[in-house]
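To convert a position in the sequence shown, counted from 1, into my numbering, add 919.
We treat Cβ as the ideally placed atom computed from N, Cα and C, and that holds for glycine.
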Amino acid sequence: DESQIGELIKRVGFWKTKAKNIKKVANILKDEYNGDIPRTLEELLKLPGVGPKMALLAMNSAWNEVAGIAVDTHVHRIANRLAWVRKPTKQPEQTRKELESWLPKEYWNDINHDLVGFGQTICSAKNPSCSVCLNQKICPYTKKNN
């Protein structure tokens, strides 16, 4: 039931929309995929509420297949601050394409996991803790803003 799902996830942003999508996806998976998840990125992206980040994370978790870099808000912000993109990007999908153009594929799986915690604790969106960051001496963002 959608309301039960909502109760379980109401601490997350856009929980009402996400609850609806979870219910829809559960039915699609049950009816069309025998209760499993699709095996391709293209099929995952057709599911309601599933974007590139979630599809790439699912491919990796479910099938141990690295189909691309999962770029969330933290990876997007950090890649731009550290100038890992040729020019500043506005959207995570742009950042993903930039990172995939130069980062060896062997690191694609780990980058999201490695940077999310860093983005939550040190390189936060507002008031980043540049003074305690191990990258402060090489970080273009720190040099520009401190």
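Distance, E961 Cα to A974 Cα
9 Å
Less than 6 Å between C-beta atoms, sequence neighbours within five positions excluded: which residues of the same chain meet that for K943?
P967
Closest to N1028 by C-alpha separation, out of C1052, K972 and K965, would be which residue?
K972
Taking the alpha helix (DSSP H) that L1053 falls in, what are its first and last residues?
Element bounds for L1053: n/a, residue is neither H nor E.
May I ask you to report which of helix, strand or coil DSSP gives K965?
coil
Does the ligand MG have even one heavy atom less than 7 Å from the beta-carbon of K972?
By its list of ligands, the structure shown contains no ligand whatsoever, and the ligand MG lies outside what it can speak to.
Among residues of its own chain, excluding the 5 on either side of I956, which ones have a beta-carbon nearer than 8 Å to its beta-carbon?
L948, L963, A977 and A981
In the DSSP assignment, the alpha helix (DSSP H) including G1036 goes from what residue to what residue?
W1027 to T1040
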